[in-house]
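Numbering-wise, the working numbering comes out as the position in the sequence shown, counting from 1, plus 14. We put the CB at the ideal spot given by N, CA and C, even for glycine. Note that the structure is a prediction, hence the values are computed from the model and not measured.
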Amino acid sequence: MPEGSTSFKARERVCELQRKLYCAAKSDGRRRFHSLHDKIWRDDVLLVAWESVRANRGAGGVDQVSIEEIEKNGVQRFLDEVKNELRKGTYRANKVRRVYIPKTDGKRRPLGIPTIKDRVVQAAVRLVIEPIFEADFEECSYGFRPNRSPKDASKAIYKWLNFECVNILDADIAAYFDSIPHDRLMEQVSRRIADGYILALIRAWLRAGVLEEGKVYNTDKGIPQGGVISPLLANIYLHQFDRKWKEDGMERRCGCGARLVRYADDFVILATKSMDAPYEKVKEIMKSLGLALKEEKTRIVNAYDGFDFLGFRFVRRFSKKYGKNKTYRFPSHKSVVRVREKIREVTDKRLNSRNKPEVVVSKVNPILVGWANYFAHVNASKAFGRVQRYCEHRLRRYLRYRRHRYGLGYKEIPDRFLYEKLGLENITQGKIHYVMANAASESYRTAV
């Protein structure tokens, strides 16, 4: 049987398992699931977990074993070893390799990289327990959830702005992933999961420790950014915030009328009334969770002044065409700067002088199309035009440098050459195509 057919059938079986778990959790909000450990070493679950880890690529962990090395030695052999370790109880979590990635503000974000084996096991556990917690999560949560994206969060904000919720609290949690207390997180996990083996696995990943510059650091709080299961654990802990916000009546029209839209640890609150009471309530809930707001990134603004969230710029303004105030969404200035920097890197004339033009364009196109797909549903035509012209300018500079010539090269290298000969994508001409999800990987929530 072809490998593609095998993986397709495995995804179908895993989706069916997830649908059953979701329906069982949805039908009884107090049910705790006991017998789950035998699900994570199923052949289909491990195969789908491996495919998700391989698709994300990434570097190896502390054991220096890479994805390419596993493929060379045999994927099935690797999965059989993982299955036997899980079934016999001999699997042990490895330490996390700590690296740092630069942030836009000049600071560095710590990133924990588990080993490939740990990532596969984490992915398998996530496949099994995620539908159980999905049955509980609130509608206001959009980050790292099946069939939810920043696009959906932007649509929710757009809706509430059109309902005149123009007072905005734009907030960010300080060092969220590094501040989650392990004991309180495990309390939330065990609220739904009663399988001791699954709980022991999660606890082992939390306590595995961090390897940085040859030294091992043990941690009693925080979850590694880079772990496959970390986003789910982060959502499980912040679900308390979502639930408390709703239970305390903060969204009621007769109360504050404040609407919450959260994407992981970033969130905004939109209200028609004063933001004083909602702001105090946020600080109260965060304090009860052992968290704190990042003051330099938390601010109260008015939608008519505009604000940024998830790379989008939201602003209310008067429309002469419609004769009333309307909400507009477009790429933020930082988003445009970021994509220009990426284009600049892959079109650097000195680093790419020996590469063929088709190779350089093949590197530019994914950046261009991916960025355009992210903003294709907003008012982005002007931003698309600026980015497209910048891309043309960078390619012309690179081509002129290869020929040892100066100047902009508009006459020598016309647009037709860039698009028809080199195959440059044009995001201003409606040539953006969304990647549709495979029918077999449709969310388990869709079938309910």
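In this structure, how does DSSP classify residue i when only helix, strand and coil are distinguished?
i, result
"residue 285", "strand"
"residue 490", "A query on residue 490 cannot be resolved here, the shown segment of the chain reaching from 15 to 462 and no further."
"residue 80", "coil"
"residue 332", "strand"
"residue 239", "strand"
"residue 327", "strand"
"residue 108", "coil"
"residue 316", "strand"
"residue 340", "strand"
"residue 364", "coil"
"residue 392", "coil"
"residue 382", "helix"
"residue 274", "strand"
"residue 290", "helix"
"residue 322", "strand"
"residue 409", "helix"
"residue 452", "Any reading at residue 452 must be qualified, since the residue scores a pLDDT of 35, below 50, and its modelled position is unreliable; no value is offered."
"residue 262", "coil"
"residue 371", "helix"
"residue 422", "coil"
"residue 303", "coil"
"residue 279", "coil"
Identify which residue in the options has its Cα closest to the Cα of residue i.
i, options, result
"residue 93", "76, 64, 81 and 80", "64"
"residue 427", "439, 418 and 414", "414"
"residue 254", "305, 235 and 266", "305"
"residue 289", "303, 130, 278 and 273", "273"
"residue 198", "215, 164, 248 and 388", "248"
"residue 126", "141, 139 and 108", "108"
"residue 403", "363, 387, 365 and 350", "350"
"residue 476", "77, 231, 71 and 101", "Nothing can be reported for residue 476: it is not among the residues displayed for the chain, which extend from 15 to 462."
"residue 46", "150, 266 and 392", "150"
"residue 139", "72, 308, 211 and 261", "211"
"residue 38", "400, 146, 303 and 294", "146"
"residue 308", "89, 185 and 58", "185"
"residue 89", "388, 302 and 21", "21"
"residue 91", "104, 60 and 295", "60"
"residue 295", "233, 270, 385 and 399", "270"
"residue 142", "103, 221, 233 and 32", "32"
Can you grab the Cα-Cα spacing for the pair residue i / residue j, in whole Å?
i, j, result
"residue 213", "residue 437", "51 Å"
"residue 84", "residue 246", "26 Å"
"residue 166", "residue 156", "7 Å"
"residue 48", "residue 196", "21 Å"
"residue 377", "residue 341", "35 Å"
"residue 34", "residue 442", "44 Å"
"residue 110", "residue 268", "49 Å"
"residue 27", "residue 300", "40 Å"
"residue 240", "residue 189", "15 Å"
"residue 324", "residue 416", "38 Å"
"residue 202", "residue 193", "15 Å"
"residue 123", "residue 336", "45 Å"
"residue 144", "residue 397", "37 Å"
"residue 229", "residue 440", "49 Å"
"residue 445", "residue 327", "Residue placement at residue 445 is poorly supported in this model, since its pLDDT is 46, which falls under 50; the coordinates are not used for a value here."
"residue 381", "residue 374", "12 Å"
"residue 217", "residue 243", "12 Å"
"residue 68", "residue 162", "22 Å"
"residue 121", "residue 30", "44 Å"
"residue 357", "residue 412", "12 Å"
"residue 332", "residue 339", "4 Å"
"residue 405", "residue 183", "36 Å"
"residue 364", "residue 418", "12 Å"
"residue 410", "residue 360", "13 Å"
"residue 292", "residue 134", "41 Å"
"residue 432", "residue 407", "11 Å"
"residue 385", "residue 391", "12 Å"
The region 156–172 / the region 94–110 touching (three or more Cβ pairs under 8 Å): no
Inter-stretch contact at 8 Å, needing at least 3 Cβ pairs: the region 225–232 / the region 343–352: With fewer than three CB-CB distances shorter than 8 Å, the region 225–232 does not count as touching the region 343–352.
Sequence ranges, beta strand (DSSP E) only - wholly within the region 165–237, length at least 3: 181–186, 224–226 and 229–231
Cβ pair count under 8 Å reaching 3, the region 309–318 against the region 362–381: no
Segments of 4+ residues assigned as alpha helix (DSSP H) that fall wholly inside the region 19–74: 51–54 and 57–70
Inter-stretch contact (C-beta, 8 Å, three-pair minimum) for the region 178–195 and the region 276–288: Three or more pairs of CB atoms, one per stretch, sit closer than 8 Å, so the region 178–195 contacts the region 276–288.
Contact the region 112–128 vs the region 30–45: 3+ CB pairs below 8 Å: Not touching, per the Cβ criterion.
Cβ pair count under 8 Å reaching 3, the region 72–90 against the region 130–144: yes
Runs of alpha helix (DSSP H) wholly within the region 96–163 (minimum 4 residues, chain order): 130–148
contact_flag[the region 50–61, the region 201–217] where n(CB pairs < 8 Å) is 3 or more: yes
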